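Structure first, then comments.
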Amino acid sequence: MRERSNADWLTALRGTPDDDAVLDLRDLLVRGLGFALADRLGADPEANIEDFAQESLLKILRSLDTFRGESQFTTWAQKIAVRVALTELRRRRWRDVSLEDLQPPESDAMPVELPDSAPSPEQQVMQASLLDMVQRMMMEELTERQRQAMLAVMVNGMPLEEVARRMETNRNALYKLLHDARQRMQQRLRAQGLSVQDLMATLANE
Amino acid sequence: MALSLDLLKKLVHSVVSTRPDEIGCDDCFAQLDRFAELVLAGKNAAEAMPLVQDHLDRCMDCREEFEALLRALRAQTAAAA
Numbered sequence: 591m592r593e594r595s596n597a598d599w600l601t602a603l604r605g606t607p608d609d610d611a612v613l614d615l616r617d618l619l620v621r622g623l624g625f626a627l628a629d630r631l632g633a634d635p636e637a638n639i640e641d642f643a644q645e646s647l648l649k650i651l652r653s654l655d656t657f658r659g660e661s662q663f664t665t666w667a668q669k670i671a672v673r674v675a676l677t678e679l680r681r682r683r684w685r686d687v688s689l690e691d692l693q694p695p696e697s698d699a700m701p702v703e704l705p706d707s708a709p710s711p712e713q714q715v716m717q718a719s720l721l722d723m724v725q726r727m728m729m730e731e732l733t734e735r736q737r738q739a740m741l742a743v744m745v746n747g748m749p750l751e752e753v754a755r756r757m758e759t760n761r762n763a764l765y766k767l768l769h770d771a772r773q774r775m776q777q778r779l780r781a782q783g784l785s786v787q788d789l790m791a792t793l794a795n796e
Numbered sequence: 023m024a025l026s027l028d029l030l031k032k033l034v035h036s037v038v039s040t041r042p043d044e045i046g047c048d049d050c051f052a053q054l055d056r057f058a059e060l061v062l063a064g065k066n067a068a069e070a071m072p073l074v075q076d077h078l079d080r081c082m083d084c085r086e087e088f089e090a091l092l093r094a095l096r097a098q099t100a101a102a103a
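These protein sequence lines map, in sequence, to chains B and Y.
Following my numbering, the numbering of the first sequence begins with 591 at its first residue and continues without gaps.
Following my numbering, the numbering of the second sequence begins with 23 at its first residue and continues without gaps.
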């Protein structure tokens with residue numbers, strides 16, 4: 591592939607794109623995605639890097655005006671390709687899971703700890719009471735949507751993108767929803783006079 | 023609803039570390055190419071762009087994309103060397 595400056599890429603791709611530049615960019619995307627997704631492709635035999643590259647290429651050509659020139663053009667283009675590919679891989683991996691299917695958190699109160707790191711009986715009592723309090727706070731302070739999103743992301747490890755799709759919103763708005771939820775709980779903890787140090791000490795194992 | 027101790031820790035940590043100026047996924051994505059190049063160049067990207075680093079620490083989707091991008095860039099840098 592010939593070396594191109596950012597300006598060269600933009601000139602070659604704007605308007606009616608130059609065939610050589612498009613081919614070079616597609617090659618770059620295919621190669622980059624091969625490295626980027628090396629650990630993910632085994633789990634999804636249907637995944638096709640060529641398809642991801644093609645879809646990314648179209649998106650890049652449509653988005654040229656949003657390139658701010660703060661990096662190499664090729665870095666920016668690969669950023670878009672990685673997002674396109676991972677969005678699709680996530681969609682396929684989680685496609686059969688609905689929010690209603692997600693398992694609620696383990697109901698066993700306390701996991702068994704190794705003896706040398708087991709909390710003292712007093713600490714176990716404090717932890718149990720903190721647990722009660724946080725659960726109550728979640729019920730009292732958070733909306734149903736906030737609670738649902740928080741549990742899907744934190745308990746079940748569902749990607750924000752996938753939770754957002756099911757809640758008919760987008761990832762950025764879902765992050766904001768979770769941020770608002772965390773802020774509400776933070777305010778409530780502060781209002782109860784609980785310092786970060788107190789909380790961490792209660793949650794420590796020894 | 024009941025939380026396990028591990029989950030409680032994770033939850034409490036995420037709550038107490040919440041900051042008012044967090045950026046969202048869109049802002050993070052807009053800056054991710056520059057952030058990745060700083061990391062690649064061995065610069066202290068977290069110091070130069072602390073809100074991006076903070077977002078990557080909290081958002082697993084964005085972190086996954088950043089790590090994948092970095093793998094691609096590193097492999098290409100190595101191949102070109």
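Where is the CB? At the ideal position from N, CA and C, for every residue including glycine.
These figures come from a predicted structure and were not determined experimentally.
Item to check | Under 9 Å by beta carbon: chain B residues contacting alanine 97(Y) | outcome: Result: Arg621, Gly622, Gly624, Phe625, Ala626, Ala628.
Checklist entry - Are the Cβ atoms of alanine 58(Y) and leucine 92(Y) separated by less than 8 Å? => result Less than 8 Å divides the Cβ of alanine 58(Y) from the Cβ of leucine 92(Y).
Checklist entry - Do we get a CB-CB distance below 8 Å when we pair tryptophan 684(B) with the residues of chain Y? => result no
Checklist entry - What separation, rounded to the nearest whole angstrom, lies between the Cα atoms of arginine 726(B) and leucine 789(B)? => result 16 Å
Checklist entry - If you measure from the beta carbon of methionine 775(B) to each beta carbon in chain Y, is any gap under 8 Å? => result Chain Y, which has a Cβ nearer than 8 Å to the Cβ of methionine 775(B), makes this yes.
Checklist entry - For arginine 552(B), which residues in chain Y fall below 9 Å Cβ to Cβ? => result Not covered by the structure: residue 552(B). The range shown for chain B is 591 to 796.
Checklist entry - Along chain B, in chain order, which residues have C-beta atoms closer than 8 Å to that of valine 37(Y)? => result Arg772, Met775, Gln776, Leu779
Item to check | Nearest-angstrom Cβ-Cβ length linking alanine 643(B) and leucine 619(B), presumed shorter than 8 Å | outcome: 4 Å
Checklist entry - Do threonine 665(B) and leucine 95(Y) have their C-beta atoms closer together than 8 Å? => result yes
Next on the checklist: For serine 39(Y) and aspartate 76(Y), what's the separation of their Cα atoms in angstroms?
Outcome noted: 10 Å
Item to check | Residues near glycine 624(B) in its chain [Cβ-Cβ closer than 7 Å; skip 5 each side] | outcome: Within the same chain, glycine 624(B) has close Cβ partners Ile639.
Checklist entry - Taking Cβ-Cβ distances shorter than 7 Å, what residues in chain B pair up with aspartate 46(Y)? => result Residue identity differs from the one stated: residue 46(Y) is glycine in this sequence, not aspartate. Within 7 Å Cβ-Cβ: Asn762, Tyr765, Lys766.
Next on the checklist: Please classify arginine 780(B) as buried or exposed, where buried requires at least 16 neighbouring CB atoms within 10 angstroms.
Outcome noted: In summary, arginine 780(B) is exposed, with fewer than 16 beta-carbon neighbours lying within 10 Å of its beta-carbon over all protein chains present.
Checklist entry - Along chain Y, in chain order, which residues have C-beta atoms closer than 8 Å to that of arginine 673(B)? => result Per Cβ cutoff of 8 Å: Phe51, Glu87.
Checklist entry - Applying a beta-carbon distance threshold of less than 9 Å, which residues of chain B neighbour methionine 82(Y)? => result Val743, Gly747, Pro749, Leu750
Checklist entry - Buried or exposed: which applies to arginine 761(B), given that a residue is buried once 16 or more other Cβ atoms fall within 10 Å of its Cβ? => result buried
Checklist entry - With a Cβ-Cβ cutoff of 8 Å, do aspartate 667(B) and alanine 90(Y) count as a contact? => result First, the residue type needs correcting, since residue 667(B) is alanine and not aspartate in the sequence shown. The answer is no: Cβ separation not under 8 Å.
Next on the checklist: Could you tell me the alpha carbon to alpha carbon distance between leucine 62(Y) and phenylalanine 88(Y), rounded to whole angstroms?
Outcome noted: Straight-line Cα distance between these residues: approximately 12 Å.
Checklist entry - For the alpha helix (DSSP H) that contains cysteine 81(Y), what are its first and last residues? => result Segment: none, cysteine 81(Y) is in no alpha helix (DSSP H) and carries neither H nor E.
Next on the checklist: Would the segment 591-611 of chain B count as touching the segment 672-685 of chain B if we require 3 or more Cβ pairs under 8 Å?
Outcome noted: no
Next on the checklist: Give me the chain Y residues within the contact set of threonine 665(B), using Cβ-Cβ distance strictly less than 7 Å, ordered along the chain.
Outcome noted: Asp55, Ala58, Glu59, Leu95
Item to check | Inter-residue Cα distance where the pair is threonine 656(B) and leucine 603(B) | outcome: Distance between the alpha carbons of threonine 656(B) and leucine 603(B) is about 14 Å.
Checklist entry - Since glutamate 752(B) contacts arginine 680(B) with CB under 8 Å, what's their CB separation in whole angstroms? => result In this structure glutamate 752(B) is in contact with arginine 680(B), their Cβ atoms being roughly 6 Å apart against a cut-off of 8 Å.
Checklist entry - Should leucine 65(Y) be flagged as near chain B, meaning a C-beta pair shorter than 8 Å? => result Per the sequence presented here, residue 65(Y) reads as lysine, with leucine not at that position. So, not an interface residue.
Item to check | lysine 669(B) vs leucine 54(Y) beta-carbon contact at 8 Å | outcome: yes
Next on the checklist: On the CB-based measure, 16 or more other CB atoms within 10 Å of its CB, does glutamate 703(B) come out buried or exposed?
Outcome noted: Unreliable placement is indicated for glutamate 703(B), whose pLDDT of 47 sits below 50; the coordinate value is still reported in the next sentence. By the beta-carbon neighbour count (other beta carbons within 10 angstroms, threshold 16), glutamate 703(B) is exposed.
Next on the checklist: To be precise: take each residue of the segment 782-795 of chain B, compare its Cβ to all Cβ atoms of chain Y, and keep it if any distance is under 7 Å. Which residues remain?
Outcome noted: Val786, Leu789, Leu793
Checklist entry - Closer than 8 Å, CB to CB, is serine 653(B) near chain Y or not? => result no
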